[in-house]
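Reviewing the structure listed below.
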Amino acid sequence: MSGEGAGRARGFGARGRAHHPPIQPLGGEEGGGYARGGLHTIPASVTTTVGEGGTLIRVLSNYFRLITPQDTIVYQYHVEFEPVIESIRMRRAMIMDHKDKFGNAFLFDGQSNIKSTTCLPDEETELFSTRRTDNASIRITVKRTGEIGWGNFEMLRLFNTQTRRNLQHLKYLLVGRHHFDPNVRHKIPEHKIELWQGILTAVNEHDGGILMVCDTVHKVVRTDTVYEILQEILRRDRATFQDNARRELAGKIVLTSYNNRTYRIDDIAFDKNPLHVFERRTGSVTIKDYYKEQYNVTIRDERQPLLQCMPSERQRRAGVQTPILLVPELCAMTGLTESLASNMELRRQMTNLTRADPLRRVQNLFQFIQNMNRHPDVQREMGSWGLKYENNLIELPARVLPGEKIYTQGSTEQTAAQFQQRTGDFSKEIRGKPMKVPVNIPEWAIIVSQRDRQIVDDFSSTLNRVCGPMGVQLNRPKVQVIDNDRTGTFVDTCKRVPPSIKMVVIIVPNNNKDRYDAIKKIFCCEHPIASQVVVSRTLQKKQMLMSVCTKIGIQMAVKLGAEAWSLLIPPRSLMVVGYDTYHDSTKRGSSVGGFVCSLNPTLTRWYSRVAYHQNREEMSNNFSVNFTHGLKHYHQVNGKLPERIVVYRDGVGEGQIAHVFQFELNQIREAIKKVASNETVRLAFIIVTKRVNARFFVKGSEPRQVSNPIPGTIVDTVVTRKERFDFYLISQSVRQGTVSPTMYNIIEDETNWRPHHHQQLAYKLTHLYYNWPGTISVPAPCQYAHKLAYLTGTALHREPNVRLADTLFYL
C-alpha cells in the first residue's frame, strides 16, 4: 500500500519523477516535539489553549496511543527506478527482491522513500530487478540521504507508512486515500452500486503524544464503467453526444481498476484514444501499450475517447503540470447520480448500512485494534521498530458549557426561555411567542398554477394564524393564478410583480430545478424582491400545515429583516464574519465566495455579499474586498467601527491552511488598517472545520453504556494539535448515529480573550441560524455564508443584486 506522498497516479504526459522532499533537521521545535512539515499557527499572544468553566466530564475518543522508543537511529534513502515504474505494486515487488540488504526493520513507502535501521555501506547503491510483464531489466538507484532521530517529523511518516503496512497484513485494499475491507461490500444490484466499508487512519503528534486516529469510512462504487455510461449517452442522442457526455461526467469522481485510485473528471478528450502517443524518458509509447507494460492490462476498444483530469495540488507540487488521461473502460464511477441521490428508499437503505451508534463504533474500534495488535506479521514488523499501539481508546477530560437562554420580544434574563440542552432544539420554548424584532408584511403576493389553486386559501389563512402570535402582521395576499406550470409561464408572471410587493410566495408543483433556478434569478438578481418557493405537496398534508406554515412564516419575516430570537452576547462592540466557498455547477473552474458579517450588538442582523473566483489568490482578494464593504457598512449602520472582529473561515482544507495563514489573514489585516486608519480594531481569525476524523463518546455507569456527548461539549486537550490553538465543539444533537464535532483553529487572536471566551462565543453563535430553532454544527455566520454561496453556485450563477445585501434573502 502506498505511503506518504503517494497521492494519485501520475498520468500520461508526465515526465520523470518528483524528488523526495528535503529532510527535516534533527530535533523538534523549541520546547520539544516533532519538527513538523505543518504550520505552527498558535498566535504569539496566547499563553494557554485550555479553557475553563462548565461541567467537567470524561470522554473516550477514537484515538490510540503509539508507544515509541527514544534512542533508535533510522537511515533514510531516496529510490529511483530506471525506466520509471508507475505501478506501486510492481515497485514494492522489486524492492522486496532486495529486502535482505535493508535488514529486518525497513519500510518502503511505495514511491521513492525507504527508511531502515540498516546503514548501507555505500552512499549510492545500484540494484537490478526484472519486470515480469516484459522481462525488462530495471535499474534501482538507492541514495542514502541522511539519518533521522525519533524527534524528527520524518518519523511521523514512518509511523503512518507502517500503519498502512499493518492494514495490508489485515488484507485491506488501498482505494484512493483510504483502506477498504474486501469482505465488507454491501451490494445493491438493482441500482448497480456497491457500498464499500473501510478504515481511515492517521498518526500525528498531539498534545497527548503520538496518537493514531481511526474512523470507519464508506465509498459508493458503481458496478458500471465510464465506458458503459458513455455508450448509454450515445444511444440516447448521437447528435448531441459530446455535449451531453461532458455535462454528465464533468466533476464526477472515478475509480481506476488497475491501481484503485480516484480522479476527478475535468473534461473528455474526444480527439484522443488509447492509440494516442505520449513521450516519456525511454521514448514514445501508446497509451494502450503503456497499460500493458505497466499494469499488464489489455484495452479492448481502441476508439474510445479519453477522460481528462487536471493534476491535484499534491501532483502539481510533485512536478505534474499536464492533464492526466484515463481510459473509460478502466474506470468505475463513484458516488450517486442525481436520480439515485433523490431516491429516498435507497438513501434509507444506505443510511442503515453506514450509520453506527456510539456503542457499535466503540466496539468496532476495539475489534480493529485487537485484530491489528494480534496479527503475527504486524507484531514482527512493529516489534522490529520498537513500536506498539495501546489496546484502549484514549480517555480524556471534556467540559460541558452551560445551556443558553433564548430571548424573544420582551424577554428578561429571568423570563428568557431555558431549553433542554441535550435535545439541541428550542422550538417548543419559543412557540407562540413574538419574535425578538418582528416585521409586518402589508404587501405580499402568491403566484400559483391553476392545478394548485385550491390550497391557497388554507395556506394563507393558516399562515396568518401562526404569524400573529409571532408578532408578524400579514395583510391578505394578492393571488396570481397562472394557466399552467411551465417554467416560462412562471417566469413571465414573476417579471410582472410590481415593486410595491415586499414578499412573493411561489407555489410550485414539484422540485423542478430549472423552474426554481429561473424564479430565484429573477427575484435575487433582476427584480430584487424577497421570495419564498414552496412545493405544493408540503401544503397538502392538513395535519402538518400549522408546522409547515410556522417555518415558512419565520423565513418570510427573516428575509424582510425580522430578528426571530436572540441570546445574551456580552461583548457589545463586536462584529462576527462568516466566509465559505462553493463550486459553481455551470462555470468550469469557477467557485463562489459567500461573505456575511453582523451589523448589530446581538449578532442578529447581517450584511451579505458574493464574489466569483478562479483561484486561491483571486478568492482571497475578493474576501478582502467584501470584508472592506462589510466593515464600511457596519460603520454606516452604527456610526462607529467595532472594537473587535471575529472571522469564522469555513471551507479550508488541510492543504489550504498555509495560504490562509500567510496571505488571506494579512489581506484582512490590511483591509482593517485602511478602513480603521487611527482606530484600534482587534482581530481574531478562526478556521472552522466540519469534516474532522475525531469522535467523542461518553461512558455510562455500565460497561456497555456509551452515548453521544450533549451539545455544548468542549474538548481542548490531549487530541488537539501541538502546533495549533484549537478546540473541538459538539454543538448539535443527533437522533441516530454518532455526533460529529466541529474543530476551531484560531490562527490569529488580538482580542485578549481567554480560550473559554472563544469557546462560549462559538457555542452561542450555533443558536442563531434562523432556519432551525435549535443548535447547528457551525456558527450561524458560517451557515449563512454557505447558504449564500450554495444558492449562487447552484441556481443564480451570478452575483445577486446588492439591494438585497442587508437581508437574509437566501434562506
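Here the sequence shown is numbered in the UniProt record's numbering, starting from 1 and rising by one per residue.
We treat Cβ as the ideally placed atom computed from N, Cα and C, and that holds for glycine.
Owing to the predicted nature of the structure, the values given are computational and were not obtained by experimental measurement.
Problem set entry | Host beta strand (DSSP E) of Tyr-770 (start-end) | No beta strand (DSSP E) holds Tyr-770; DSSP gives it neither H nor E.
Exercise. Which partner residues of Thr-256 appear in the DSSP bridge assignment?
Worked result: Cys-331
Exercise. Does the Cβ-Cβ distance between Asp-267 and Ala-250 come in under 8 Å?
Worked result: yes
Exercise. If you count every other CB in all the chains shown that lies within 10 Å of the CB of Gly-27, and 16 or more means buried, which is it?
Worked result: Summary for Gly-27: the model assigns pLDDT 30, below 50, so the residue's position carries little reliability, and this model does not support an answer.
Problem set entry | C-alpha distance - Ser-598 paired with Asn-638, whole-angstrom precision | 11 Å
Problem set entry | DSSP-derived helix/strand/coil call for Ile-679 | It is worth fixing the name first, because residue 679 is Glu in this sequence and not Ile. Glu-679: coil per DSSP, three-state reduction.
Exercise. Can you give, in chain order, each stretch of the alpha helix (DSSP H) that sits fully within the region 348-428 and has at least 4 residues?
Worked result: 358-374, 376-385
Problem set entry | Residue of Lys-405, Leu-200, Ile-193 minimising C-alpha distance to Val-175 | Leu-200
Exercise. Counting pairs of Cβ atoms below 8 Å between the region 790-803 and the region 543-553, do you hit three or more?
Worked result: no
Problem set entry | Sequence-distant residues of its chain with Cβ nearer than 7 Å to Pro-509 (five each side left out) | Ser-449, Arg-451, Asp-452, Asp-485, Ser-536
Problem set entry | Rounded distance between the beta-carbons of Arg-616 and His-659, thought under 8 Å | 5 Å
Problem set entry | Counted within 10 angstroms of its Cβ, other Cβ atoms place Pro-69 as buried (16 or more) or exposed | exposed
For this session: Can you give me the start and stop residues for the alpha helix (DSSP H) that Cys-494 sits inside?
Result: 487-495
Exercise. Since Pro-328 and Tyr-227 are thought to touch, with beta carbons under 8 Å apart, how far apart are those beta carbons, to the nearest angstrom?
Worked result: 4 Å
Problem set entry | Burial state of Phe-366, where buried means 16 or more other Cβ atoms lie within 10 Å | exposed
Exercise. Apart from the five residues on each side of it in sequence, which residues of its chain come closer than 7 Å, Cβ to Cβ, to Lys-495?
Worked result: Ile-522, His-527
Exercise. For Leu-307 versus Val-254, is the C-beta distance shorter than 8 Å?
Worked result: yes
Problem set entry | Burial state of Cys-331 (16 or more Cβ within 10 Å) | buried
Problem set entry | His-218 versus Leu-353 - alpha carbon distance | 10 Å
Problem set entry | Minimum C-alpha distance to Pro-498 - residue among Gly-488, Asp-517, Ser-339, Lys-478 | Lys-478
For this session: Figure out for me which residue from Thr-408, Asp-483, Thr-462, Ser-500 has the closest Cα to the Cα of Ala-445.
Result: Ser-500
Exercise. Got a sec, what are the start and stop residues for the beta strand (DSSP E) Phe-697 sits in?
Worked result: 696-699
For this session: Classify Phe-623 as buried or exposed, calling it buried when 16 or more other Cβ atoms lie within 10 Å of its own Cβ.
Result: buried
Exercise. Which residues mark the beginning and the end of the alpha helix (DSSP H) in which Ser-460 is found?
Worked result: 456-467
Problem set entry | Beta-carbon proximity list for Thr-163, same chain, < 7 Å, skipping 5 on both sides | Thr-201, Val-203, Met-212
Problem set entry | Of the listed residues His-635, Asp-207, Ile-229, nearest to Ala-676 (C-alpha basis) | His-635
For this session: Please work out which residues of its chain come closer than 6 Å, Cβ to Cβ, to Pro-619, disregarding the five sequence neighbours upstream and downstream, and give them in chain order.
Result: In the sequence under discussion, the amino acid at residue 619 is Met, which differs from the Pro named in the question. If we look at Met-619 and ignore the five residues flanking it on each side, its Cβ neighbours are Gly-593, His-613.
Exercise. How many whole angstroms separate the CB atoms of Val-505 and Gln-532, which I take to be in contact at a CB cut-off of 8 Å?
Worked result: 5 Å
Exercise. In three-state DSSP terms, what is residue 864?
Worked result: Examination of residue 864 is not possible in this model, given that the chain is present from 1 through 811 alone.
Problem set entry | Ala-694 beta carbon less than 8 Å from that of Tyr-728 | yes
Exercise. What beta strand (DSSP E) runs, 3 residues minimum, are completely inside the region 80-138?
Worked result: 106-108, 113-116, 124-130
Exercise. For Val-719, which of helix, strand or coil comes out of DSSP?
Worked result: coil
For this session: Look up Leu-346 in the DSSP assignment and say whether it is helix, strand or coil.
Result: helix
For this session: State the Cα-Cα distance for the pair Gln-656 and Glu-194, rounded to the nearest angstrom.
Result: 32 Å
Exercise. Going by other Cβ atoms of all chains shown within 10 Å of its Cβ, with 16 needed for buried, is Glu-591 buried or exposed?
Worked result: For clarity, residue 591 is Ser in the given sequence; the question names Glu instead. Per the 10 Å Cβ criterion, buried.
Exercise. Since Val-466 contacts Met-546 with CB under 8 Å, what's their CB separation in whole angstroms?
Worked result: 6 Å
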